[in-house]
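Participant: Sequential numbering of the sequence shown, starting at 17, is according to this note's numbering.
Glycine included, each C-beta is placed from N, C-alpha and C at the ideal position.
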Amino acid sequence: MSAMSVKNALEDIFQKFLEKQSLFKNREALSHEYLPDSFPHRDEQIKFIAEVMAPALRGFKPSNLFIYGKTGTGKTAVVRYVLSILKEMAGNLFSSLKTFYINCRLVGSEYRVYFTMCSNLGFRVPFTGLSIGELFERFCRYLDESRALFIIVLDEIDALVKDSGDEILYNLTRINEILKYSKVSLIGISNNLKFKELLEPKVLSSLSEEEIVFRPYNASELKDILWQRAKLAFYDGVVDEGTINLCSALAASEHGDARRALDLLRVAGELAEREGSDKIYERHVREAERRIEYDRVMEVMKNLPLHSKLIMCSLYFLEQSSLEYSITGDIYDVYNHLCSLLSTFPLTQRRVSGLINELDSLGLLNARVTSFGRYGRSKKIKLAVEPDLVYEVFSRDSRLKSILNLRLEEICGSPKKRRDRTG
Ligand SMILES: Nc1ncnc2c1ncn2[C@@H]1O[C@H](COP(=O)(O)OP(=O)(O)OP(=O)(O)O)[C@@H](O)[C@H]1O
Ligand SMILES: [Mg+2]
Numbered sequence: 017m018s019a020m021s022v023k024n025a026l027e028d029i030f031q032k033f034l035e036k037q038s039l040f041k042n043r044e045a046l047s048h049e050y051l052p053d054s055f056p057h058r059d060e061q062i063k064f065i066a067e068v069m070a071p072a073l074r075g076f077k078p079s080n081l082f083i084y085g086k087t088g089t090g091k092t093a094v095v096r097y098v099l100s101i102l103k104e105m106a107g108n109l110f111s112s113l114k115t116f117y118i119n120c121r122l123v124g125s126e127y128r129v130y131f132t133m134c135s136n137l138g139f140r141v142p143f144t145g146l147s148i149g150e151l152f153e154r155f156c157r158y159l160d161e162s163r164a165l166f167i168i169v170l171d172e173i174d175a176l177v178k179d180s181g182d183e184i185l186y187n188l189t190r191i192n193e194i195l196k197y198s199k200v201s202l203i204g205i206s207n208n209l210k211f212k213e214l215l216e217p218k219v220l221s222s223l224s225e226e227e228i229v230f231r232p233y234n235a236s237e238l239k240d241i242l243w244q245r246a247k248l249a250f251y252d253g254v255v256d257e258g259t260i261n262l263c264s265a266l267a268a269s270e271h272g273d274a275r276r277a278l279d280l281l282r283v284a285g286e287l288a289e290r291e292g293s294d295k296i297y298e299r300h301v302r303e304a305e306r307r308i309e310y311d312r313v314m315e316v317m318k319n320l321p322l323h324s325k326l327i328m329c330s331l332y333f334l335e336q337s338s339l340e341y342s343i344t345g346d347i348y349d350v351y352n353h354l355c356s357l358l359s360t361f362p363l364t365q366r367r368v369s370g371l372i373n374e375l376d377s378l379g380l381l382n383a384r385v386t387s388f389g390r391y392g393r394s395k396k397i398k399l400a401v402e403p404d405l406v407y408e409v410f411s412r413d414s415r416l417k418s419i420l421n422l423r424l425e426e427i428c429g430s431p432k433k434r435r436d437r438t439g
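1) Kindly provide the ranges of any beta strand (DSSP E) runs that are 3 or more residues long and lie completely inside the segment 74–107, ordered along the chain.
2) For R307, does the three-state DSSP call read helix, strand or coil?
3) Check F171 in the structure and name its three-state DSSP category.
4) Would you call the CB atoms of L380 and M328 closer than 8 Å?
5) Kindly list the residues whose CB is nearer than 6 Å to the CB of L214, restricted to its own chain and excluding five residues on each side of it in sequence; keep chain order.
6) Where K91 and Y251 are concerned, what is the direct C-alpha to C-alpha distance, given to the nearest angstrom?
7) List the endpoints of the continuous beta strand (DSSP E) containing V229.
8) Run the CB neighbour count on H353, radius 10 Å, all protein chains shown included, and call it buried at 16 or more, exposed below.
9) Heavy atom of ligand 2 less than 7 Å from the Cβ of D240, yes or no?
10) With distances taken from CA atoms, which of T364, S269, L357 is nearest G345?
11) I believe Y233 touches A274 by the beta-carbon criterion, under 8 Å. Please report the beta-carbon distance rounded to the nearest angstrom.
12) Heavy atom of ligand 2 less than 7 Å from the Cβ of T115, yes or no?
13) With a cut-off of 8 Å on the beta carbons, I'd call L170 and G149 a contact; round off their distance for me.
14) Three or more beta-carbon pairs under 8 Å between the segment 224–239 and the segment 83–90, yes or no?
15) Ordered along the chain, which non-local residues of its own chain (more than five positions away) have a Cβ less than 6 Å from that of F65?
16) Using the C-alpha atoms, what's the distance from C355 back to L334?
17) With hydrogens ignored, establish whether the beta-carbon of D273 is closer than 7 Å to any heavy atom of ligand 2.
18) Where are the alpha helix (DSSP H) runs, 4 residues long or more, that stay fully inside the segment 291–344, in chain order?
19) Tell me whether the beta-carbon of I194 lies closer than 8 Å to the beta-carbon of I118.
20) Smallest Cα separation from G292: which of L39, G75, L26?
21) Could you work out which residue in S125, S377, E309, I347 is closest to E402 when comparing CA atoms only?
22) I'd like the span of the beta strand (DSSP E) that includes V255, first residue to last.
23) Flag this pair as yes or no: are the beta carbons of S264 and L238 separated by less than 8 Å?
24) Give the straight-line distance between the Cα atoms of F143 and R157, rounded to the nearest whole angstrom.
25) Does the beta carbon of F230 fall short of 7 Å from some heavy atom of ligand 1?
26) Near H271, which residues of its chain fall below 7 Å by C-beta distance, leaving aside the five closest residues on each side in sequence?
27) Are the Cβ atoms of I62 and V94 separated by less than 8 Å?
28) Cutting at 7 Å between CB atoms, please list the residues of its own chain near A45, excluding the five before and the five after it.
29) Per DSSP, what kind of secondary structure is G145 in: helix, strand or coil?
30) How would you write the range of the beta strand (DSSP E) that L195 sits in, first residue to last?
31) Near K32, what residues of its chain come up, given a Cβ to Cβ distance below 6 Å and the 5 sequence neighbours on each side ignored?
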């Protein structure tokens, strides 16, 4: 295409976009960051958190609070909302209330958590290099100098403990014994229901002086949440009962995740708009579901540890050579060859079995125990994702790029004798 015709084509696209009436009145209302000012079906939780935090208005330290519940149940949004109102009211009465919100998964390590809180207090500390003990000491000093009541929210707290252990929580839950002029109250949030098992009983009991669970929403609750947002986000007539019902039903069939329901609605709206449709139809929601699932799988695969990727690759190669399914032994065999190609030390077969189970529960492969008569029992294992997707995602991994174009024979040497399991 000549330069001029590219320009014409672009102008054409932009012109068409300008002529089309957008379906969205306010796209932001469906974004993950948007904080609504009402939360259907969370009255009980809002009231409870507010009552626990209320003493802060008189300068007293609220009890520590631990909140858990599955993903998309409104934990983050509700806590942020309650604290924003609390701060607003405290501003009029008792001005030295400060709140910190830390997303532990995004912030990362124990060091980074202290680093972030020191920066929030307006103090500079080196980005690396101090010992944790030293950093904690400085943090305590800065807190005391600030002479305030602090409410610290540690969101996705399980990520922190998984990576750095529970030492940081041990220190933070006892910090009031060290402070002279300031006080700290903690709100921990987790969507990992097993998180509590990772904590020392002493740490757990101080962190969860108060505790509340956010239960998953059912389809009818999700409908109310979606309607509230749909009215803000779309022009009248774009969304109807059928669209909302379908988005709610699909999200409720997993575990009642409001984020997923909102994502379905947003993506369906974008698809309908791009197509030039005047409203959202069922097919847009179905297509949105497919795309969201595709993105989820891509994201999960991209972030797998190397050895899990190598197991997926082994299965990919076996299936390329037209085996209908594989057994653990075959996979382990190819896996070992791949490890030696990459000069990586292979894990034991037992560990590999464990990783296969994990990949199964992530929905990336299907493993089913089957009896092979006199050969005993083994697992029939198949990829649960398209082989093309394996190729696409892993070829972006610099370590795996070089091996993905090989054939099974090139990896394992001469074709191995296998029981014929095709057909
Ligand atoms: N009751 C509700 N009313 C309105 N919006 C809600 C409600 N519950 C959740 N949401 C919305 O759903 C999305 C997900 O909620 P939120 O981020 O609070 O989930 P979460 O419980 O923190 O999940 P995760 O454990 O994955 O962090 C947000 O956009 C939030 O605004
Ligand atoms: Mg959250």
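Facilitator: Well, looking at it:
1) Runs of the beta strand (DSSP E) inside the segment 74–107: 81–85.
2) Looking up residue 307 in the sequence shown gives position 291. In the structure shown, R307 sits in a helix (DSSP, three-state: H, G or I).
3) Taking the first residue of the sequence shown as 1, we reach residue 171 at position 155. For clarity, residue 171 is Asp in the given sequence; the question names Phe instead. DSSP places D171 in strand when its eight states are reduced to three.
4) Residue 380 sits at position 364 when you count from the first residue of the sequence shown. Residue 328 sits at position 312 when you count from the first residue of the sequence shown. Yes.
5) Your numbering for residue 214 matches position 198 in the sequence shown. The answer, listed in chain order, is V177.
6) Translated into the one-based positions of the sequence shown, residue 91 becomes position 75. Translated into the one-based positions of the sequence shown, residue 251 becomes position 235. So the two alpha carbons sit approximately 29 Å from each other.
7) The residue given as residue 229 occupies position 213 in the sequence shown. 226–230 is the extent of the beta strand (DSSP E) around V229.
8) As a working note, residue 353 is residue 337 in the sequence shown. Counting the other CB atoms within 10 Å of its CB gives H353 a total of 16 or more, which places it among the buried residues.
9) Taking the sequence shown and counting its residues from 1, the one referred to as residue 240 is at position 224. Exclusion of D240 from the 7 Å shell around ligand 2 follows from its C-beta lying no nearer than that to any non-hydrogen atom of the ligand.
10) For the purposes of this step, residue 345 is taken as residue 329 along the sequence shown, with counting starting at 1. Ranking the options by Cα distance to G345, first place goes to T364.
11) Stepping through the sequence shown from its first residue, residue 233 is reached at position 217. Stepping through the sequence shown from its first residue, residue 274 is reached at position 258. Contact between Y233 and A274 holds: their C-beta atoms lie close to 6 Å from each other, under 8 Å.
12) For this step, residue 115 is matched to residue 99 along the sequence shown. In this structure, the C-beta of T115 stays at least 7 Å away from each heavy atom of ligand 2.
13) Taking the sequence shown and counting its residues from 1, one reaches residue 170 at position 154. Taking the sequence shown and counting its residues from 1, one reaches residue 149 at position 133. Not quite, the Cβ-Cβ distance comes to about 20 Å (not below 8 Å), so this is no contact.
14) Yes, the segment 224–239 is in contact with the segment 83–90.
15) By 1-based counting over the sequence shown, the position of residue 65 is 49. Before going further, note that residue 65 is Ile rather than Phe in the sequence given. The residues are V98.
16) Counted from its first residue, the sequence shown places residue 334 at position 318. Counted from its first residue, the sequence shown places residue 355 at position 339. Roughly 16 Å between the two C-alpha positions.
17) Position 257 of the sequence shown, counted from the start, is the residue given in the question as residue 273. False, no ligand heavy atom lies under 7 Å from that Cβ.
18) Residue ranges of uninterrupted alpha helix (DSSP H) with 4 or more members, entirely inside the segment 291–344 and ordered along the chain, are 298–318, 322–336.
19) On the sequence shown, residue 194 is found 178 positions in, with the first residue counted as 1. On the sequence shown, residue 118 is found 102 positions in, with the first residue counted as 1. Result no, Cβ atoms of I194 and I118 do not sit closer than 8 Å.
20) Taking the sequence shown and counting its residues from 1, one reaches residue 292 at position 276. The residue with the shortest Cα to Cα distance from G292 is L39.
21) For the purposes of this step, residue 402 is taken as the residue at position 386 of the sequence shown. Residue E309 is the option with its Cα nearest to E402.
22) Indexing the sequence shown from 1 puts residue 255 at position 239. Neither: V255 is in no beta strand (DSSP E) and is coded neither H nor E.
23) Indexing the sequence shown from 1 puts residue 264 at position 248. Indexing the sequence shown from 1 puts residue 238 at position 222. Yes.
24) Locating residue 143 in the sequence shown gives position 127, where the first residue counts as 1. Locating residue 157 in the sequence shown gives position 141, where the first residue counts as 1. For F143 and R157, the distance between alpha carbons rounds to 18 Å.
25) Walking along the sequence shown from the start, residue 230 turns up at place 214. Because some heavy atom of ligand 1 lies under 7 Å away, the Cβ of F230 counts as near it: yes.
26) Counting from one through the sequence shown, the residue named residue 271 turns up at place 255. Closer than 7 Å at the Cβ level, and outside the excluded window around H271, lie K86, P232.
27) Within the sequence shown, residue 62 is the residue found at index 46, counting from 1. Within the sequence shown, residue 94 is the residue found at index 78, counting from 1. Yes, Cβ-Cβ distance for I62 and V94 is below 8 Å.
28) Your numbering for residue 45 matches position 29 in the sequence shown. Leaving aside the five residues that flank A45 on each side, the residues in its chain whose CB is nearer than 7 Å to its CB run, in chain order, R245, L248, A249.
29) In the sequence shown, residue 145 corresponds to position 129, counting from 1. Looking at G145 - three-state DSSP - the assignment turns out to be coil, as it is neither helix nor strand.
30) Residue numbering aside, residue 195 sits at position 179 when the sequence shown is read from its first letter. Where L195 is concerned, there is no enclosing beta strand (DSSP E), given that its DSSP letter is neither H nor E.
31) Against the sequence shown, residue 32 aligns to sequence position 16. When the five nearest sequence neighbours on each side are left out, no beta carbon in the same chain lies closer than 6 Å to the beta carbon of K32.
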